[in-house]
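In numbering that gives the first Met the number 0, the protein residues as written are 0 to 154.
These notes concern the structure reproduced below.
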Amino acid sequence: MKNKRTQLTKNIHNLSKNSFVAINKRLEDIGIYPKDIEETFIKGTGKGGQKVNKTNNCVMIKCNDMNEDKIIIKCHKYRCLQKNRTYARELLYKKITSIKEKVEEDISNRIEKEKRRILKITDREKKESINYKKRRSIIKSDRQKIIRFESDDVA
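In structure tokens form, the structure reads like this:
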């Protein structure tokens with residue numbers, strides 16, 4: 000029984016280690032390297048009994064982004080330190096990607112707005128438009144029937 004338990008904990012540790020490596024790789028892909036991440040372990044609070052309150056299994060990550068902005072994430076979801084480290088980095092990845100997507104969306108919206116903006120009409124275009132309207136009005140006035148009213152003097 001004890002053998003199975005130790006084997007299970009080793010498997011869980013290996014799985015969390017693999018996911019930790021995977022999330023680090025994803026962070027590097029978006030430009031966040033381990034030197035940019037400051038990781039501290041603090042005592043947790045909340046549910047979980049005395050052990051949670053005594054051990055440093057709560058993870059706090061401070062990330063210096065490229066814009067000199069600091070992103071701080073505190074994670075105490077799991078009782079295991081390694082799982083909390085992995086989960087905190089996943090949260091960091093999601094946060095940074097959502098920020099980057101928002102910035103890209105704002106840029107594309109500005110570009111679209113600039114494209115939709117009505118350009119000021121030049122003097123030449125105004126003159127051409129007025130000439131076109133005058134010609135059309137002459138053509139339309141030629142289509143009208145001329146009705147002559149006789150004066151009321153006949154009565």
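Using N, Cα and C, we set each Cβ at its ideal position, and we do this for glycine too.
Predicted model, so just to flag it, every value in this text is computed and none were measured.
Could you give the residue range of the beta strand (DSSP E) that holds residue i?
i	result
I60	57-63
I41	36-41
K133	K133 -> not in any beta strand (DSSP E); alpha helix (DSSP H) instead, spanning 122-142.
K69	69-74
Roughly how many angstroms separate the alpha carbons of residue i and residue j, rounded to a whole number?
i	j	result
R147	T121	43 Å
R78	I110	47 Å
P33	N63	11 Å
I137	L118	30 Å
D28	K69	19 Å
R115	C57	50 Å
K139	K125	21 Å
N108	K94	21 Å
N17	K112	45 Å
L26	F19	11 Å
Y131	K101	46 Å
Hey, could you find the ends of the alpha helix (DSSP H) residue i is sitting in?
i	result
E111	80-115
For residue i, does the count of other Cβ atoms within 10 angstroms reach 16, so buried, or fall short, so exposed?
i	result
I106	exposed
I22	buried
G43	buried
K158	The question about residue 158 has no answer here: the residues shown for the chain are numbered 0 through 154.
Y86	buried
Thinking C-alpha only, which one of the options is nearest residue i?
i	options	result
H75	I60, K69, D68	I60
G45	K144, T54, E37, N108	T54
I71	L80, R88, Q81	R88
E37	K133, Q143, L91	L91
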